[in-house]
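One structure is given here, and the rest of the page talks about it.
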Amino acid sequence: MNMLAAESAAPSADDRYDELLAGVQRRFLALAAVGTPLFSVGGRGLYDMFLAALTPELAAENTCGTCRAFMKRYGGLVVVDAKGKATSALWSAKDAPPQYARAIAAIADEVERRPIISVFRSSATSWGFPERGLWTHLAVVAPEHQVHTPSALATTGQYIAAKNADRETLARALAEFPHHVVKKAVALLRTEQLYRSDAILGAGSWLLALHNRIDTAGGRGEAAQRRRDNLIWSAAATAPAGYCHVKSGMIGTLLRDLADGLPYDSVKARFAEKMHPLQYRRPTAAPTAAMIARAERVIAELRAAGSLERRFAKLADVCPIWSATKDTPPPGGVFGHLVPAKKRRGTIDLDAEPVVMTWEKFARTVLPNAERIEFAVPRENANYGAMVTAVHPDAPPIVQWDTPQKRNPVTWYVYVNGSPPTQWRLRPGEFREVTAVIPHPATWHVEVDRTAREQAVLFALAGATDTAYTNGAGFFPEFLAADLHEIRKTLEAYAKDAVVAGKDEAEVCGLLVSKANEIGHTFRVTAGGVRVHYTLHRWD
Numbered sequence: 001m002n003m004l005a006a007e008s009a010a011p012s013a014d015d016r017y018d019e020l021l022a023g024v025q026r027r028f029l030a031l032a033a034v035g036t037p038l039f040s041v042g043g044r045g046l047y048d049m050f051l052a053a054l055t056p057e058l059a060a061e062n063t064c065g066t067c068r069a070f071m072k073r074y075g076g077l078v079v080v081d082a083k084g085k086a087t088s089a090l091w092s093a094k095d096a097p098p099q100y101a102r103a104i105a106a107i108a109d110e111v112e113r114r115p116i117i118s119v120f121r122s123s124a125t126s127w128g129f130p131e132r133g134l135w136t137h138l139a140v141v142a143p144e145h146q147v148h149t150p151s152a153l154a155t156t157g158q159y160i161a162a163k164n165a166d167r168e169t170l171a172r173a174l175a176e177f178p179h180h181v182v183k184k185a186v187a188l189l190r191t192e193q194l195y196r197s198d199a200i201l202g203a204g205s206w207l208l209a210l211h212n213r214i215d216t217a218g219g220r221g222e223a224a225q226r227r228r229d230n231l232i233w234s235a236a237a238t239a240p241a242g243y244c245h246v247k248s249g250m251i252g253t254l255l256r257d258l259a260d261g262l263p264y265d266s267v268k269a270r271f272a273e274k275m276h277p278l279q280y281r282r283p284t285a286a287p288t289a290a291m292i293a294r295a296e297r298v299i300a301e302l303r304a305a306g307s308l309e310r311r312f313a314k315l316a317d318v319c320p321i322w323s324a325t326k327d328t329p330p331p332g333g334v335f336g337h338l339v340p341a342k343k344r345r346g347t348i349d350l351d352a353e354p355v356v357m358t359w360e361k362f363a364r365t366v367l368p369n370a371e372r373i374e375f376a377v378p379r380e381n382a383n384y385g386a387m388v389t390a391v392h393p394d395a396p397p398i399v400q401w402d403t404p405q406k407r408n409p410v411t412w413y414v415y416v417n418g419s420p421p422t423q424w425r426l427r428p429g430e431f432r433e434v435t436a437v438i439p440h441p442a443t444w445h446v447e448v449d450r451t452a453r454e455q456a457v458l459f460a461l462a463g464a465t466d467t468a469y470t471n472g473a474g475f476f477p478e479f480l481a482a483d484l485h486e487i488r489k490t491l492e493a494y495a496k497d498a499v500v501a502g503k504d505e506a507e508v509c510g511l512l513v514s515k516a517n518e519i520g521h522t523f524r525v526t527a528g529g530v531r532v533h534y535t536l537h538r539w540d
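full-length UniProt numbering numbers the first residue of the sequence shown as 1 and each following residue consecutively.
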């Protein structure tokens with residue numbers, strides 16, 4: 001404002017204070033874009049520096065407790081670029097009228113010299129008080145994406161505290177596991193020689209990319225170290241859930257073994273043991289009474305009780321990459337029941353050995369033209385599974401790939417050691433028709449799976465249902481949204497006893513094929529009147 005300490009004085013005619021306010025708002029909106037986290041370097045002393053750089057007359061007009069409070073809370077906001085440079089989110093001399101330019105430049109320089117002390121989030125839509133009494137004050141209107149929405153799991157303060165703790169945890173991990181160790185771990189994961197390595201390849205690649213950025217911001221002196229610190233702050237603020245907790249995750253186990261110089265066979269065996277589906281991210285102890293009480297409160301506050309009610313999926317619930325063509329209804333008329341002769345011709349079987357190829361080649365070259373696909377049911381156990389979804393489609397999301405903007409509550413389950421075909425109403429030796437080929441639900445709304453985790457498809461088989469199913473909610477803790485991590489023990493206990501509805505009406509049960517497991521299955525594909533056998537020997 002122009003003046004609060006001496007309300008009887010009239011504001012200067014050429015004050016141009018409105019231009020200052022507009023410039024601050026304009027710069028804030030330009031820098032605080034979607035996906036750009038904000039940080040604070042603290043606002044202590046900034047307002048006094050601002051007043052000291054103004055003319056005595058202008059300083060008197062701007063002496064204001066409301067504006068001082070704004071400067072203390074919001075004046076130290078910065079954004080960090082890809083090279084680690086911190087830039088003031090509010091202050092720029094070029095956006096200020098001439099009489100304020102020197103003061104704005106002074107506080108901008110000071111802000112950009114200070115170290116980051118915290119992630120910044122606010123649940124308020126207006127930061128500061130644009131008007132109070134008869135005066136206008138320093139304030140900005142926050143864009144919607146910069147407004148934090150508190151949840152049952154975390155207030156805004158708790159969210160900030162968690163992000164700041166993530167930064168400390170990440171910094172310690174970077175110091176303990178240097179670049180060359182992380183690089184070796186990621187290279188090993190990419191060989192696909194470690195069991196279910198794809199589950200942590202995303203976390204490893206993310207950590208390696210951060211090491212690369214920090215190395216690029218090399219140099220000596222305080223400024224160079226500040227850039228490296230800023231990159232860690234930025235990474236912690238934007239990291240996928242769990243990525244900052246390197247030491248407590250599976251990537252930390254691998255890094256520790258490599259840093260300790262364990263032989264490859266030991267590394268591989270220890271990794272496989274901990275990545276076993278019955279161990280990985282599975283609670284090892286029953287939930288306590290306090291955990292159960294906390295989970296009940298969270299679920300109630302989230303109004304997510306309906307999200308836990310599950311049913312077996314129908315074909316209409318899923319997003320297949322191939323589906324069987326339905327028969328065309330017969331035309332009307334007296335002779336409508338007669339099928340044209342060309343449609344009654346028999347299919348030619350190609351009298352040759354099965355064509356052996358990878359799943360990726362099959363998907364690329366065979367699926368697009370396939371008119372019918374049949375699965376050769378083996379006699380031995382195989383990875384049969386089923387897809388399940390929410391009973392209430394409008395219930396709040398609970399799985400990672402389900403969001404209010406893109407609803408997708410579908411998950412799938414598979415038996416760890418496989419299951420016999422008879423359990424799924426399949427006869428060994430028969431060719432069972434495939435009704436659809438469906439990728440993992442996590443990939444339905446993204447062109448490429450960012451984490452490289454869910455490289456798997458389900459061949460839905462006509463008439464297949466899980467006759468042995470009695471209970472189990474059809475989701476695992478590793479599927480759950482990050483916000484539910486703290487109550488995973490209770491949800492795991494719930495999932496064991498819950499019953500998925502609609503078992504006998506299930507339409508999406510069948511063979512699960514994934515990169516993590518041996519394949520070796522045979523399919524009979526009809527295309528253009530020719531029937532060919534294909535054996536999928538590996539994923540890629």
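C-beta: ideal position from N, C-alpha, C; glycine also.
Remember, predicted model here, so these are calculated numbers, not experimental data.
By a beta-carbon distance limit of 8 Å, Cys509 contacts Ala386. Their separation comes to about 4 Å. In the displayed model, Leu134 falls within coil according to three-state DSSP, outside both helix and strand.
Proximity to Asp504 across Ala436, Lys314, Gln193 peaks at Lys314, based on C-alpha coordinates. In this structure, Ser88 places its C-beta atom within 8 Å of the C-beta atom of Val78. A straight-line Cα-Cα distance of about 5 Å links Gly252 and Val246. Shown here, Cys509 sits in a strand according to DSSP, grouped into three states. For Glu433, the enclosing beta strand (DSSP E) covers residues 431-439.
Taking C-beta atoms under 8 Å as the contact rule, Arg311 and Val391 qualify, at a distance of about 5 Å. Within the same chain, Thr358, Glu360 come within 6 Å of Asp540 by CB-CB distance, once the 5 residues on both sides are set aside.
Going by DSSP, Thr411 is part of the beta strand (DSSP E) stretching over 411-414. Going by beta carbons, Phe129 and Ala142 fall outside the 8 Å limit. Comparing C-alpha distances from Gly219 to each of Arg228, Asn212, Ala395 shows the shortest one belongs to Arg228. Taking 8 Å as the cut-off, the beta carbon of Val111 is found closer than this to the beta carbon of Val41. For Arg196, there is no enclosing alpha helix (DSSP H), as DSSP marks it with neither H nor E. Fewer than three Cβ pairs drawn from the stretch 426-440 and the stretch 487-497 lie within less than 8 Å of each other, which leaves the two stretches out of contact. Secondary structure of Ala101 (DSSP, three-state): helix. In this structure, the alpha-carbon of Thr389 lies about 9 Å from that of Gly474. Under the three-state reduction of DSSP, Asp349 is assigned to strand. Straight-line measurement puts the Cα of Phe39 at about 11 Å from the Cα of Arg114. With a cutoff of 8 Å on beta-carbon distance, Met275 and Ala199 are scored as near each other.
Ile348 and Leu458 have their C-alpha atoms roughly 27 Å apart.
With contacts defined as CB atoms closer than 8 Å, His445 and Lys406 qualify as a contacting pair. With distances taken between CA atoms, Ile116 lies nearest to Asn164 out of Thr149, Asn164, Ala82.
Distance from the Cα of Ala161 is smallest, within the candidate group Val416, Asp466, Trp233, for Trp233. Taking the Cα of Pro396 as reference, the smallest distance to any Cα among Phe431, Asp483, Phe362 is reached at Asp483. For Leu153, there is no enclosing alpha helix (DSSP H), as DSSP gives it neither H nor E. Distances from the alpha-carbon of Ala82 to those of Glu273, Gln193, Asn212, Cys244 put Asn212 closest.
The C-alpha of Leu46 is placed about 9 Å away from the C-alpha of Ala108.
A distance below 6 Å between beta-carbons, with the five flanking residues on each side excluded, links Ala272 to the following residues of its chain, in chain order: Tyr195.
A direct Cα-Cα distance of roughly 7 Å separates Val530 from Leu350. His485 and Arg297 have their C-alpha atoms spaced approximately 15 Å apart. Exposure of Thr422 is indicated by the presence of fewer than 16 other C-beta atoms within 10 angstroms of its C-beta. Ala464 is not a Cβ neighbour of Arg524, given a cutoff of 8 Å. Unbroken alpha helix (DSSP H) stretches of 4 residues or longer found wholly inside the stretch 218-283: 222-238, 250-259, 264-274, given in chain order. A distance below 7 Å between beta-carbons, with the five flanking residues on each side excluded, links Arg27 to the following residues of its chain, in chain order: Leu90, Ser92, Asp95. Looking only at Arg190, Gly75, Gln193, Leu174, the smallest Cα-Cα distance to Leu207 is reached by Leu174.
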